[in-house]
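**Student:** Residue numbering for the sequence shown follows the working numbering, beginning at 151 and increasing consecutively.
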Amino acid sequence: MQNEVTGGVVLSAVDAGTFEYLPNKGVFLGGLLDRAHGNPFGLYIGRIEPGSGIAKEVHPENSETIYVLSGEAVGVLGDHEIPLGAGQVLHIEKNVAHGIRNAGKKTLELLIIASPPY
Numbered sequence: 151m152q153n154e155v156t157g158g159v160v161l162s163a164v165d166a167g168t169f170e171y172l173p174n175k176g177v178f179l180g181g182l183l184d185r186a187h188g189n190p191f192g193l194y195i196g197r198i199e200p201g202s203g204i205a206k207e208v209h210p211e212n213s214e215t216i217y218v219l220s221g222e223a224v225g226v227l228g229d230h231e232i233p234l235g236a237g238q239v240l241h242i243e244k245n246v247a248h249g250i251r252n253a254g255k256k257t258l259e260l261l262i263i264a265s266p267p268y
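(1) Using the Cβ count rule (16 or more neighbours within 10 Å means buried), how would you classify A163?
(2) Compare the beta carbon distance of N189 and P267 with 8 Å and say whether it is the shorter of the two.
(3) Find the nearest neighbour of L261 within the set L193, V246, K206 and G203, judged by alpha-carbon distance.
(4) Cα-Cα, which of E170, E214 and I242 is closest to G271?
(5) Just grab the DSSP bridge partners of N252 for me.
(6) In three-state DSSP terms, what is A205?
(7) Look at the Cβ atom of A221, then the Cβ atom of A236, and state whether they are nearer than 8 Å.
(8) Taking all protein chains shown into account, decide if L183 is buried (16 or more other Cβ within 10 angstroms of its Cβ) or exposed.
(9) Could you round the C-beta distance between A223 and R197 to whole angstroms and report it? I think they count as a contact, below 8 Å.
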């Protein structure tokens, strides 16, 4: 539920309007803050089902920071695979090939910050 307050806004994950991030089946993303809010960064939530992940991709205009809320992941940064768990952060500079996959048996939940927003 979105609630406008003087100087800001209070948002809930329900406001994110998640969608499946195709062609990555089992990956769901939703935007909390993005270009429409006039911010210099975007704030997104992500959910990745077991056995699924985001294939390697490159963002030429955006750096990306991924915070693992819950679950087990393997982050891919260039040619490196990095195990990640709840409370860990992976930061990706723009123009760096990267991806992430669920390495566990439960849904992987992420908070993603992109600068500038997608």
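Just so it is clear, CB atoms sit at the ideal spot from N, CA and C, and this is done for glycine as well.
The structure displayed is predicted, hence computed values, not measured ones.
**Tutor:** This is what the structure gives:
(1) Result: exposed.
(2) Cβ distance < 8 Å, so N189 and P267 count as in contact.
(3) In terms of Cα proximity to L261, the closest of L193, V246, K206 and G203 is L193.
(4) Residue 271 is absent from the model: the chain starts at 151 and stops at 268.
(5) Looking at the DSSP assignment, N252 forms a beta bridge with A223.
(6) Here A205 sits in strand by DSSP.
(7) Before going on, a small fix: residue 221 reads as Gly here, not Ala. Their beta carbons are under 8 Å apart, which means G221 touches A236 by this criterion.
(8) Buried, since its Cβ has 16 or more Cβ neighbours within 10 Å.
(9) A Cβ-Cβ distance of about 12 Å is found for the pair A223 and R197, leaving them out of contact under the 8 Å criterion.
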